[in-house]
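**Q**
Residue numbers (the working numbering): 20 to 565.
This is the structure:
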């Protein structure tokens, strides 16, 4: 029978439930269990595909073409597994399914209600996603006090009744603030979260106490008493970002292991370990992140960054993490410089003063900030600086090359300028009559046949990467681009679509129509990112690369 670990949040969103869930999953996997993770998002959107990155963070793409919450990325990066799109459950999906069934007559005249019809559908989806696994970790988005979470909490409680209390544990992740004017850690918000959870007939088995500093015994005792749980089940989970801290999320499973969280979960679920956890390789990589022997500086030129006076780096979290994975395997520290591409439209010379060892252009949509990205691409090409383009990064690399090397003045993508004289990037033919936005792009994993430096990096002629796009390199311009020195180093299996490009006489100028960041993990970094980081190191140290 599958055992369930349900992770809920208290006090505020963004408290770290996703990384906590991924860390728990990693611990259970290290103990020999077959683990999966499920993310419940209580919004009415059917998926994350139409959400603004500046509002909800990055859209994570699964192998089977799902546009999902970014927490599925955390799960995959920690567990080094592929998680299907069905593991991201939203209110919109559940309601749409029930309404469609009602219209088709499945309920035979019943009055369709929140309970039991909606809650039963939630349970069905959870059980379906968990089937065949030893342990299923369910993260419920938001906080326990959110109105929209009530159906999901009810469904979880009903699941508990179905399978028995011994087969399910509740983990509350709560924040303990330290108000500046009193400089004392306060437990009251966590007590409130415990109370709100109780109002849904749920008692937390474990409480992960997030905060700026470790939990002391005085606060631990207060929480233990209020929650009526063992002291050992109150777990300190202090910030890992800051001075004299690890500054890497990959240290969190190790911190939990110091508190023997894995052993406690296994005991509570009445499981038997299938093997002894071996953290040696993980610890080595974490230590290289914390104590690297080298340092390089990489610029990420994005368009979903500046939100008021803050920068939302979650828009590109998978790109940042893929860089960290490659850095760990190359024993180097990465100083990431996030630069809004719109600023480069106003002042293209900004890059000259940054002393960057490499530049990444990540994916995106629409015309905003495009010329700034093109300016950055031109800068890397002309100055022989390592460059990695992802999705839109490939498309704009082709635009820049067409304008400045092929002399096709005004060349553009029809996404940016539908009347361009030279549409070197155009919409996929199968996309031209599609008007609905959600789930209609070229999505999921596709095979490419590669050559050149790309083949050297992957060590294979066949490459599988994930995609999310509507536009492609226009076949009408393949000839002129190739004649001027742009190598199409990867093509789709039917030889129709350009999947990778490179400039052979450049230190490292590679772009892909895919999103290789979605298949990178700490244990297995993306070959493209690994090669890019090596090239950046070689540039800094004036060494030869490849």
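Every residue, glycine too, gets a C-beta built ideally from N, C-alpha and C.
Note that the structure is a prediction, hence the values are computed from the model and not measured.
Can you name, in chain order, every residue of its own chain whose Cβ lies under 7 angstroms from the Cβ of residue 565, other than the five neighbours on each side?
**A** Bear in mind that a pLDDT of 49 at residue 565, under 50, signals an unreliable position, so the number given afterwards is only what the model happens to contain. For residue 565, where only same-chain residues beyond five positions count, the Cβ hits under 7 angstroms are 472 and 475.
**Q** Taking buried to mean at least 16 other C-beta atoms within 10 Å of its own C-beta, is residue 460 buried or exposed?
**A** The residue in question, residue 460, is buried, as its Cβ has 16 or more Cβ neighbours within 10 Å.
**Q** Terminal residues of the continuous alpha helix (DSSP H) containing residue 555?
**A** Counting along the chain, the alpha helix (DSSP H) containing residue 555 begins and ends at 546-560.
**Q** What separation, rounded to the nearest whole angstrom, lies between the Cα atoms of residue 464 and residue 197?
**A** Each residue's Cα considered, the two are about 45 angstroms apart.
**Q** Helix, strand or coil for residue 374? Go by DSSP, reduced to three states.
**A** Correct three-state label for residue 374: coil.
**Q** Going by alpha carbons, who is nearest to residue 389 out of 413, 28 and 373?
**A** If we check each option's Cα against that of residue 389, 413 comes out closest.
**Q** Please classify residue 136 as buried or exposed, where buried requires at least 16 other C-beta atoms within 10 Å of its C-beta.
**A** Buried, because 16 or more other Cβ atoms sit within 10 Å of the Cβ of residue 136.
**Q** Tell me the rounded alpha-carbon separation between residue 561 and residue 351.
**A** Their backbone Cα atoms lie some 16 angstroms apart in a straight line.
**Q** Quick one, are the C-beta atoms of residue 504 and residue 529 less than 8 angstroms apart?
**A** No, the Cβ-Cβ distance between residue 504 and residue 529 is not below 8 angstroms.
**Q** Would you call the stretch 242-258 in contact with the stretch 218-234, where contact means no fewer than 3 C-beta pairs closer than 8 angstroms?
**A** The answer is yes - the stretch 218-234 touches the stretch 242-258, with three or more Cβ pairs under 8 angstroms.
**Q** Select from 171, 179 and 477 the residue whose C-alpha is nearest the C-alpha of residue 21.
**A** Closest option to residue 21, Cα to Cα, is 179.
**Q** Can you tell me which of the three DSSP states residue 358 falls into?
**A** Looking at residue 358 - three-state DSSP - the assignment turns out to be strand.
**Q** Which class does residue 168 belong to by DSSP, given the choice of helix, strand or coil?
**A** DSSP places residue 168 in helix when its eight states are reduced to three.
**Q** Going by Cα to Cα distance, which pick from 373, 289, 371 and 391 is closest to residue 380?
**A** Closest option to residue 380, Cα to Cα, is 391.
**Q** Do residue 567 and residue 545 have their C-beta atoms closer together than 8 angstroms?
**A** Absent from the structure is residue 567, since the part of the chain shown begins at 20 and ends at 565.
**Q** Tell whether a beta-carbon distance below 8 angstroms holds between residue 41 and residue 94.
**A** Yes; because the gap between Cβ atoms is below 8 angstroms, this pair is in contact.
**Q** Specify whether the stretch 203-212 and the stretch 234-242 touch according to this definition: at least 3 beta carbon pairs, one from each stretch, less than 8 angstroms apart.
**A** Taking 8 angstroms as the limit for Cβ pairs, the verdict is that the stretch 234-242 does touch the stretch 203-212.
**Q** On the premise that residue 423 lies in contact with residue 397, defined as a C-beta separation below 8 angstroms, what is that separation, rounded to the nearest angstrom?
**A** Contact flag correct, Cβ pair sits at about 6 angstroms.
**Q** Give, in chain order, every unbroken run of the beta strand (DSSP E) that is at least 3 residues long and sits entirely within the stretch 31-61.
**A** With a minimum length of 3 residues, the continuous beta strand (DSSP E) runs that stay inside the stretch 31-61 are 54-60.
**Q** Measuring CA to CA, which of 395, 409 and 410 is closest to residue 403?
**A** Among 395, 409 and 410, the Cα nearest to that of residue 403 belongs to 395.
**Q** Mapping DSSP to helix, strand and coil, what is residue 344?
**A** If DSSP states are grouped into helix, strand and coil, residue 344 belongs with the helices.
**Q** Quick check: what's the CA-CA separation for residue 335 versus residue 551?
**A** Roughly 17 angstroms separates the two Cα atoms.
**Q** Comparing C-alpha positions only, which one of 321, 376, 348 and 374 sits nearest to residue 364?
**A** When only C-alpha atoms are compared, the closest one is 321.
**Q** Quick one: what's got a C-beta closer than 7 angstroms to residue 152's C-beta in the same chain, skipping five residues either side?
**A** Once the five neighbours on either side are set aside, the close Cβ partners of residue 152 are 21, 53, 54 and 55.
**Q** DSSP puts residue 486 in a beta bridge; with which residues?
**A** Answer is 463.
**Q** Sorted by chain position, which residues of the same chain lie with C-beta nearer than 7 angstroms to residue 171's C-beta, five sequence neighbours on each side aside?
**A** Cβ within range, chain order: 59, 61, 141 and 159.
**Q** Within the stretch 181-242, note down every full alpha helix (DSSP H) run reaching 4 residues or more, in order along the chain.
**A** The qualifying runs are 207-217.
**Q** Under a Cβ-count criterion, where at least 16 other Cβ atoms within 10 Å of its own Cβ denotes burial, should residue 50 be classed as buried or exposed?
**A** Answer is buried; the Cβ neighbour count reaches 16.
**Q** Taking the C-alpha atoms as reference points, what is the distance between residue 496 and residue 378?
**A** Residue 496 and residue 378: Cα-Cα distance of roughly 26 angstroms.
**Q** My parser needs the beta strand (DSSP E) runs of 3 or more residues fully inside the stretch 250-282; what are they?
**A** Fully enclosed beta strand (DSSP E) runs of 3 or longer: 253-257.
**Q** What are the partner residues of residue 445, as DSSP defines its beta bridges?
**A** Answer by DSSP bridge pairing, in chain order: 491.
**Q** What would DSSP say about residue 565, mapped onto helix, strand or coil?
**A** With a pLDDT of 49 at residue 565, under the threshold of 50, the predicted position of this residue should be treated as unreliable, and no value is reported.
**Q** Pop quiz: residue 442 and residue 426 are said to be a contact at Cβ under 8 angstroms. What is the actual Cβ separation, rounded to whole angstroms?
**A** Contact doesn't hold; Cβ gap of about 16 angstroms is too wide.
**Q** Buried or exposed: residue 372, going by 16 or more other Cβ atoms within 10 Å of its Cβ?
**A** Exposed, by the Cβ-count rule.
**Q** When you compare the stretch 256-268 with the stretch 76-86, are there three or more beta-carbon pairs, one atom per stretch, that lie closer than 8 angstroms?
**A** These segments do not touch.
**Q** Tell me the start and end of each unbroken beta strand (DSSP E) in the stretch 99-187 that is at least 3 residues and wholly inside, in chain order.
**A** Fully enclosed beta strand (DSSP E) runs of 3 or longer: 107-109 and 154-159.
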